[in-house]
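Residue numbers (our numbering): 2 to 221.
Pasting the structure below:
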């Protein structure tokens, strides 16, 4: 079986921080549920940005669904199949109201408006956020923004979920709800960056440690 996401000998550095990765290799297979942990500044978010094309490595290949991603246009189609949760929810939310934000992704995929309404209703019910539906996004608390940002990803019904610190700012009950939903989504491939080791231990079947520019699978 070929990996659906493959990083091959990837090297990346920031001018002000130096080398983040050097000749890093990483593979994600269909059905994988991967958790990535590591110290602050180790490059966990950078790794996700490289996968979705928000950062370009100085060296190496990014191969998604069998295609070598060489330029921005190469990522256009695969992004329809990848749901990416930013670490900062404000980077994900653009519209005045919660339901408009949740509808944005499906509308952008050119899904019929009637079907979009059904998707929005389903997503809101699944996450238990009916009380937030008509709220002005800018008035939400940090935790409320987080769960709405997660809703915007779920509404796109992606094949692959890349989640950067999904439980940040969530209360214990909401974190448990998200955990159960992710566990129930058996047909989705997951890659989660999180400091919450118990969360990724419960949700994921593989855990990697990213440290000193190296990514290695660890026992849990």
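Virtual Cβ for every residue (Gly too), placed ideally from N, Cα, C. Model, not experiment: these values are computed from the prediction.
Give me, in chain order, the residues of the same chain whose beta-carbon lies closer than 8 Å to that of residue 42; leave out the 5 immediate sequence neighbours on both sides. 18
Among 143, 13, 98, 93, which has the Cα closest to the Cα of residue 56? 13
So, with DSSP's three-state summary, where would you put residue 90? helix
Segment contact flag, the stretch 177-188 with the stretch 118-135, C-beta cutoff 8 Å, min 3 pairs: yes
Specify, as a first and last residue, the run of the beta strand (DSSP E) that residue 195 falls within. Counting along the chain, residue 195 falls outside any beta strand (DSSP E), and DSSP gives it neither H nor E.
From which residue to which residue does the beta strand (DSSP E) around residue 34 run? 34-38
Check whether the stretch 141-154 and the stretch 86-103 touch, using three or more Cβ-Cβ pairs below 8 Å as the test. yes
Distance, Cα to Cα, residue 219 vs residue 205? 12 Å
Verify whether the separation of the beta carbon atoms of residue 38 and residue 196 is less than 8 Å. yes
Of all the beta strand (DSSP E) runs that stay within the bounds of the stretch 107-176, which reach a length of 3 or more residues? 161-165
Just reading off the alpha helix (DSSP H) that residue 8 is part of, what are its end residues? Here residue 8 belongs to no alpha helix (DSSP H); instead the beta strand (DSSP E) covers 6-15.
Count Cβ pairs between the stretch 130-142 and the stretch 42-52 that sit closer than 8 Å; are there 3 or more? no
With DSSP as the reference, label residue 24 as helix, strand or coil. strand
Cβ-based neighbour list, residue 170, same chain, cut-off 6 Å, excluding 5 preceding and 5 following: 143, 144, 147
Helix, strand or coil for residue 183 per DSSP? helix
Would the beta-carbon of residue 67 fall within 8 Å of that of residue 201? no
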